[in-house]
Amino acid sequence: MRSGNLLNPYFIFLGLLLGCAAPGLAQFTTGNIVVYQVGDGAASLTGAATPVFLQEYTPATAGQTSPVLSVPMPLTGSARLMASGTATSEGFITLSADSLHLVVAGYDAAGGTAGVAGTTAATVNRVVDTVNNSGTAGRASISATYYSAGNIRGAVKAAGDNYWASGSNTGTVYLGNTGSAAVIQSANTNTRVIQAFNGNLYYTTASGTGGLYKISGLPISTTAAANLIATGTGSSPYGFAVNAAETIVYIADDRTNGNGGIQKWVYSAGSWGTAPAYTLAAASNTGVRGLAVDFSGAFPVLYATTTDNKLVSFID
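Residues 1410 to 1725 (this note's numbering) make up the sequence shown, in order.
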């Protein structure tokens, strides 16, 4: 295993993913890492509505102190999107199934709106934007109902222009566009990170039986979720990645008591078992939240964002 500290910024960032590709456009670079940053890195962060930046980094360079590209989310207009400045459970960006857009969830709020995560969705709509390879944001979905008085944390785009979201108090929500918006599952109302892999939905939660859950297919109506992997009592699962064969899963855990890091799970003989977990050397009090994995090579390459605001890489 190799690890490397790619950057050590003074801002917080909450999610990351592999870069997207789009023919004829030349800003985000395929294979790079995009990190969701809250705030400008200078102003103190509060629970008020705070600007969001998508920061691009090159995976091959260690010790980066600034991004190669910075794309601010709109502060005004039809694609305006803000975040809570202090909600560490928000900001889990994803890559669309067609690899053409980054998908970002947040609040359609004026900058500085106090306690934005506690506002009603009718007053401050919960929204999902897409960002193309040229850095242009567009409004994909909007809700005046779901995640009201709570956090919207992430969203995915798959099966064309269809969107699903996660958040603190509603469960897994389908936000359109093939059918009407609907709650897909509410057995776990407090969901963290949502992803789509291999034509299925997955999400993590620390509530109830904490772990990784799978919703078979990409449903637009109520569908039961199955607990694929239980991460154990006291665990705090966030970002995750699933390989194409669904035999290897990596799960980020943000505990800072020595038990945080990245869990590796392997499916064998009909059941999931843990493989050696990864913690950050000389930093056992550091947890991990954002996680992306490149499975394309002989050995998986992991990229993770940590609770002490670093972007790190591992080769498993």
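All residues carry an ideal CB built from backbone N, CA and C; glycine is no exception.
Own chain partners of A1431 with C-beta closer than 7 Å, once the 5 adjacent residues on each side are dropped: At A1431 the pLDDT is 45, less than 50, meaning the model places this residue with poor confidence; the figure from the coordinates comes in the next sentence. Counting only Cβ-Cβ distances below 7 Å, and skipping sequence neighbours, we find L1509, N1541, N1542.
From N1652, A1654, A1686, residue whose alpha carbon lies closest to that of N1668: A1686
Outcome for G1433 when other beta-carbon atoms lying within 10 angstroms are tallied against a minimum of 16: Note that G1433 scores 46 on pLDDT, short of 50, meaning its location in the model is unreliable; the coordinates nonetheless yield the value given after this. Exposed: under 16 other Cβ atoms inside 10 Å.
For G1527, three-class secondary structure by DSSP: helix
For Y1659, the residue or residues it bridges with in DSSP: A1650, K1673
A1596 versus A1457 - alpha carbon distance: 30 Å
Short CB-CB distance (under 8 Å) between I1593 and chain D: Protein chains in the displayed structure number just one, and chain D is not present.
Segments assigned beta strand (DSSP E), at least 3 residues, entirely inside the stretch 1604 to 1641: 1609 to 1614, 1620 to 1624, 1635 to 1639
Pick from Y1466, T1438, F1437, P1460 that is closest to K1719, judged by C-alpha positions: Y1466
Distance between T1600 and G1619 (C-alpha atoms, nearest Å): 10 Å
Alpha-carbon to alpha-carbon, A1684 and W1674: 6 Å
Through-space distance from T1532 to P1646, alpha-carbon basis: 31 Å
Any 3 or more C-beta pairs closer than 8 Å across the stretch 1554 to 1564 and the stretch 1576 to 1588: yes
Residue from R1535, P1476, A1469, A1471 with nearest C-alpha to R1489: R1535
Distance, I1624 Cα to A1636 Cα: Inspection of the sequence shows that residue 1636 is occupied by Asn rather than by Ala. So the alpha carbons of these two residues sit roughly 9 Å apart.
Own chain, CB closer than 7 Å to G1494, minus 5 neighbours either side, in chain order: V1447, G1448, L1454, T1455, G1456, A1457, T1459
CA-to-CA distance, A1639 to G1524, given in whole angstroms: 33 Å
With 16 other Cβ atoms within 10 Å as the buried cut-off, status of D1507: exposed
Beta-ladder partner(s) of R1601, from DSSP: Note: R1601 sits in no beta bridge, so no partner.
Cβ-heavy atom distance, T1640 to the ligand HEM, below 7 Å: The ligand HEM is not part of the structure shown, which contains no ligands of any sort.
Every unbroken beta strand (DSSP E) inside the stretch 1473 to 1512 [3 residues or more]: 1478 to 1481
With 16 other Cβ atoms within 10 Å as the buried cut-off, status of T1714: buried
Residue burial classification, G1563 (beta-carbon count within 10 angstroms, cutoff 16): buried
Pairwise C-alpha distance: L1627 and V1565: 11 Å
C-alpha distance - N1666 paired with G1500, whole-angstrom precision: 23 Å
Which listed residue (T1614, T1529, T1587) has its alpha carbon closest to that of T1598: T1614
8 Å contact criterion, which Y1583 and I1629 should meet: CB distance rounded: 5 Å
Simplified DSSP state of G1547, which is helix, strand or coil: strand
Spatially closest choice to Y1761 from V1651, S1644, T1688, T1554, by CA coordinates: Lying outside 1410 to 1725, the shown extent of the chain, residue 1761 is not represented and no answer is given.
Contacts around L1463, its chain only, beta-carbon distance under 6 Å, and the 5 residues preceding and following it disregarded: V1443, V1480
Distance CB(N1609)-CB(N1586) smaller than 8 Å: no
Cross-strand partners of D1538 (DSSP beta bridge): V1513, R1548
Beta-ladder partner(s) of D1703, from DSSP: V1710
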